[in-house]
Structures are given as structure tokens and as C-alpha cells.
């Protein structure tokens with residue numbers, strides 16, 4: 005099913021997309037022609053669907069490499085929506101493929117949502133939210149230019165997040181920080197071969213990842229600082245609800261901080277942010293960190309019955325003259 009959003013005009017784009025989603029049979033595919041579509045209100049997916057750029061199925065198209073042939077869902081300058089312009093809510097088997105989600109930060113810096121970022125809740129600055137979604141997939145999706153908070157927040161078991169890019173989210177200079185990808189709850193999941201470029205808070209933050217694999221991802225900071233490239237956190241909670249990484253493998257990832265643009269390359273444990281609780285479990289090996297102020301910081305991690313194993317990682321300094 006092809007959803008032609010350009011037939012409704014700029015202000016009807018979100019309504020047209022929501023109508024297509026509501027009409028699509030469960031477990032079907034919804035395709036959006038290439039182009040940029042401005043969303044003036046939030047769009048919600050609550051049934052199992054595959055949503056992709058039209059004609060991209062089975063092709064080598066890479067929105068992460070070149071978005072000009074992709075469907076771009078952009079936040080309107082006046083958008084005010086908690087959790088962002090696109091929300092996947094309380095469902096299963098949703099797949100987002102070959103899409104771009106653009107928070108349009110440059111056009112929203114004086115908006116009401118920007119004010120909320122600074123004074124009330126950063127959820128109004130999110131690009132997208134996947135909440136309570138089981139067996140859901142992200143494949144070649146770009147989330148860029150979030151106003152604040154995160155390029156994407158995720159909660160759901162057995163996620164597959166691959167070949168995607170989280171870029172230029174948040175603005176450290178304005179104290180409007182944003183993660184690239186925030187995995188609140190993602191047990192038995194795979195996060196692989198993704199790019200995290202110039203995000204302003206934590207590029208890849210994971211708060212629960214029992215039996216998950218986080219492999220072959222690349223973090224790069226070139227134009228703004230971040231707090232950390234990759235972090236295992238607990239969000240001020242305990243191991244029953246957060247901070248459990250038993251059986252997880254975090255390997256083969258690269259964090260390149262350029263000229264000291266990360267406070268921590270890899271942060272294991274919550275201590276720089278809070279003193280409550282610890283994280284447990286996890287096997288971190290064969291990761292590379294370059295140019296961070298602190299390469300790998302371990303603080304508030306592991307206990308006798310559930311240690312954190314950290315070995316065979318490589319930390320190198322910033323380039324000379326940084």
C-alpha cells in the first residue's frame with residue numbers, strides 16, 4: 005500500500021499519514037514516496053506494520069548514506085508533541101525501514117517546544133519514540149536534528165536496530181542536550197552496524213540489555229562535545245527494572261571523539277550522573293576508543309554474583325595538538 009502524502013497539502017500531511025496507518029491491515033507494508041513531509045502533529049503507530057520509503061524493499065538504498073532518495077518525516081517549526089512527531093505505541097512487529105526522521109531543530113529553536121526543553125520536559129524535543137514494542141525493527145533509519153532529549157527512545161524486548169544513523173541531535177552550546185539513541189529497556193536485542201555522529205549527550209545509552217548484543221557500531225564526534233559515546237546506565241533504578249546486562253555482549257564498537265569531544269568514551273555504570281544503585285553483568289571486549297578525555301570509566305558496576313567483564317579494549321589518545 006502506497007501512501008501519497010502530498011495530496012493533502014502541508015498541513016494535512018500528518019492526518020493523511022495517520023489515515024493510511026489506521027487503514028493498513030495488520031502485518032502489511034505501508035510505503036511513502038521519496039520526498040520531505042512536514043508533520044504538524046504527532047503520528048502514532050499501534051498495530052504491526054512495516055513502514056518504508058516506496059520502492060526500497062530489497063534494494064541497496066541507504067538513507068544513512070544519502071537521504072535524497074528517501075521519505076523524510078520532518079517536524080514542523082511549531083510542533084508541540086510529547087514523545088516527538090513519530091510514536092510507535094504498545095504493539096509488536098513494527099518495522100521502520102529506509103526512512104529519515106528530522107527534528108528540524110534549526111527552525112524550532114525559538115518554539116514553545118524549545119522552551120519546554122529548557123524549563124519543563126525534554127520529551128517535547130524527542131524525534132521519535134518506540135514504547136512497549138516487542139519484536140520491532142529499525143533498519144536503515146536516520147534520526148537527525150532532534151531539538152533535545154533523544155533522537156529516539158526505545159522500550160521493547162527483542163529489538164533489532166541496525167544500519168541506522170543518529171546524527172546531530174541536540175545542541176550542547178544551548179544546553180539542549182540529546183542522546184542519539186536511548187534504550188530504556190531492550191533485552192534479547194541486537195544493536196549493530198549503526199552510526200552515531202555529533203550527538204550532544206550520550207550517543208548510545210542503554211539502561212537494560214539482558215542477553216543483548218551491541219556490536220560494530222561507530223560513534224564519531226566532530227562538531228560538538230558529548231558526555232559519553234556509549235554508556236551502560238541504570239536511570240536511578242535497581243536491577244529489577246534497570247541496569248541489568250547479564251548475558252549481554254558489547255563488542256567491536258568504535259568511539260572516535262576527535263579532539264577530546266567526549267568526556268567519557270565508554271561509561272560503565274551510573275556514578276558520574278547519580279549515586280543510586282549499580283549496573284550488573286555485561287561483557288565488554290574488543291572495543292576501540294580514541295580521543296576521549298577519559299577512555300573507559302567504570303564506576304558503579306558489577307557485584308560478586310554478576311560481575312562486569314571488561315577486557316581486550318583499546319584506548320588511544322586524541323590527535324597531537326588537540
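Residue numbers (our numbering): 5 to 326.
We put the CB at the ideal spot given by N, CA and C, even for glycine.
Here the structure is a predicted model, which means the values were calculated and not measured.
Of 114, 133 and 147, the smallest CA-CA separation from residue 95 is found for 133. Between residue 9 and residue 41, the CB-CB gap stays under 8 Å.
The alpha-carbon separation between residue 56 and residue 273 amounts to approximately 36 Å. Its chain contains 176, 202 and 204 as the residues whose beta carbon lies nearer than 6 Å to that of residue 228, once the 5 sequence neighbours on both sides are disregarded; these appear in chain order. Scanning its chain for C-beta atoms nearer than 6 Å, with the 5 sequence neighbours on each side dropped, one finds around residue 154 the residues 130, 182, 183 and 186, in chain order. Residues 18, 21, 22 and 90 of the same chain have their beta carbon placed closer than 6 Å to that of residue 47, with the five preceding and five following residues left out of the count. Residue 221 and residue 166 have their C-alpha atoms spaced approximately 9 Å apart. Residue 171 places its beta carbon less than 8 Å from that of residue 148. Per DSSP, the beta-bridge partners of residue 289 are 255 and 315.
Annotation for residue 21: the continuous alpha helix (DSSP H) segment containing it runs 17 to 27. In the structure shown, residue 109 falls within a helical segment according to DSSP collapsed to helix, strand and coil. Residue 255 has its alpha-carbon roughly 16 Å from the corresponding atom of residue 164. Three or more pairs of CB atoms, one per stretch, sit closer than 8 Å, so the region 270 to 290 contacts the region 234 to 253.
If you ignore the 5 residues before and after residue 287, its C-beta comes within less than 6 Å of the C-beta of 253 and 313, all in its own chain and listed in chain order. Taken in chain order, the complete beta strand (DSSP E) segments of 3 residues or longer contained in the region 73 to 108 are 75 to 79, 90 to 96 and 99 to 106.
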